[in-house]
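Step one of this worksheet: look at the structure below.
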Amino acid sequence: MCDRASLKHKKRIVIKVGSSSLVHEETGMMDLFKLEQLVRILCDLRNQGKEVILVSSGAIGAGRKVLGLNKRPSSLPVKQACASVGQGALIALYQRLFNEYHQISSQILMTKHTIIREKSLFNARNTFDQLLDMGVIPIVNENDTVSTDEIEFGDNDTLSAVVAALVSADLLILMSDIDGLYTDDPNKNPNARFIECVYKIDKSLYDMAKGAGSDFGTGGMVTKIDAARIATDSGCDMIISNGKDFRTIHDIIEGKNIGTLFLAHKNEDFDLKSYIEEGKRH
């Protein structure tokens, strides 16, 4: 078991929450109790003097409900229409909740073009830095309204790792529908072993992830390993944890043994722009 005491001292933290952590499973409607809980915890982190960025899924789902669609759309135009409606609805809900705690929040929508274009990469980093310096909590999502296969990240696990690398974050927390990384699918294999700490990301880890993946949302376990590669190469620790109870965010930062911790190993040759352009996987 690796030492987690240093997590208490993390200053700049990116937290990603997936769609499955934000909605009622039976209806697909927003879980307002959990959303309020999440906002309260993020505001408390700000009160502790930490800088916080939230990467939040849910725009397409929110738009789908507003538009009265009973199932997730499959065509790109309908998805983008849902995102266009849902992005406004989701950010309005977040801002209403943050306002209850007198916390300013903002919205940042990104695509791969934000990263692969030198000027927009520079501007994005400066915008994040300025917002954090002003005590704002940025809420980040992929710009699904304009994204295509060529410019989309495809999942918010990758997006959150890109944001963490972009802003030189100290810690990335992926709140998902799973407890962390297992040696196999624990739902199928009772002998599957939970992995508390990952020191090195290699092919064997990817092979393991393919058998122990999550079926919910757009980001399975392999995409989470990809995210860990980006985060840890950039010098950022990353934790995968279950999003069923957002109070665990506080426990994680207190150093409690929750989720799978991927330890940072700063790669001096790491270049975010090249990584995204080439789609590198080690």
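Read in order, the letters of the sequence shown are residues 934 to 1215 in our numbering.
Using N, Cα and C, we set each Cβ at its ideal position, and we do this for glycine too.
key: At least 3 beta-carbon pairs within less than 8 Å: the segment 1038-1045 vs the segment 1003-1011   = no
query = Roughly how many angstroms lie between the CA atoms of Phe903 and Asp1166, to the nearest whole one?
reply = Shown here, the chain extends from 934 to 1215; a query on residue 903 therefore has no answer.
query = What whole-angstrom Cβ distance do Leu1107 and Lys949 have, given they're in contact under 8 Å?
reply = 5 Å
Arg1126, buried or exposed, once every other Cβ within 10 Å from all chains shown has been counted against 16 = exposed
inquiry  = Suppose contacts are defined by Cβ-Cβ distances below 8 Å. Is Met1171 in contact with Ala1164 by that definition?
reply    = yes
ask   = Whose C-alpha, out of Asn1122, Ser1137, Arg1180 and Ser989, is nearest the C-alpha of Val947?
value = Ser989
request  = Keeping to the same chain, check which residues put their C-beta closer than 6 Å to that of Asp1103; ignore five residues upstream and five downstream.
outcome  = Lys943, Lys944 and Arg945
ask   = For Gly1152, does the three-state DSSP call read helix, strand or coil?
value = Bear in mind that a pLDDT of 48 at Gly1152, under 50, signals an unreliable position, so the number given afterwards is only what the model happens to contain. Note: Gly1152 maps to coil in three-state DSSP.
query = Per DSSP, which one or two residues make a beta bridge with Glu969?
reply = Its beta-bridge partners do not exist; DSSP assigns none.
Residue environment, Cys976, which counts as buried when at least 16 other CB atoms sit within 10 Å = buried
task = Taking the CB atoms as reference points, tell me whether Ala938 and Gly1188 lie closer together than 8 Å.
result = yes
ask   = Quick one: any contact between the segment 1174-1185 and the segment 1114-1124, if contact means 3 or more CB pairs under 8 Å?
value = no
Simplified DSSP state of Gln1013, which is helix, strand or coil = helix
message = I'd like to confirm the pairing. Which residues does DSSP put opposite Asp1170 in its beta bridges?
response = Leu1104
key: Three-way DSSP call (helix, strand, coil) for Asn1089 in this model   = helix
key: Other residues of its chain near Val999: CB distance less than 6 Å, five sequence neighbours each side excluded   = Val1018 and Ala1022
task = Compute the beta-carbon to beta-carbon distance between Ile986 and Pro1071, rounded to the nearest angstrom, for a pair I have assumed lies under 8 Å.
result = 5 Å
query = Since Ile974 sits in a beta bridge, which residues does DSSP pair it with?
reply = According to DSSP, which records beta bridges pairwise, Ile974 is partnered with nothing at all.
message = Just verifying my parser: in three-state terms, what is the DSSP assignment at Arg945?
response = strand
inquiry  = Restricting to Cα atoms, I'd like to know which of Lys1206, Ile1173 and Met1067 is closest to Lys983.
reply    = Met1067
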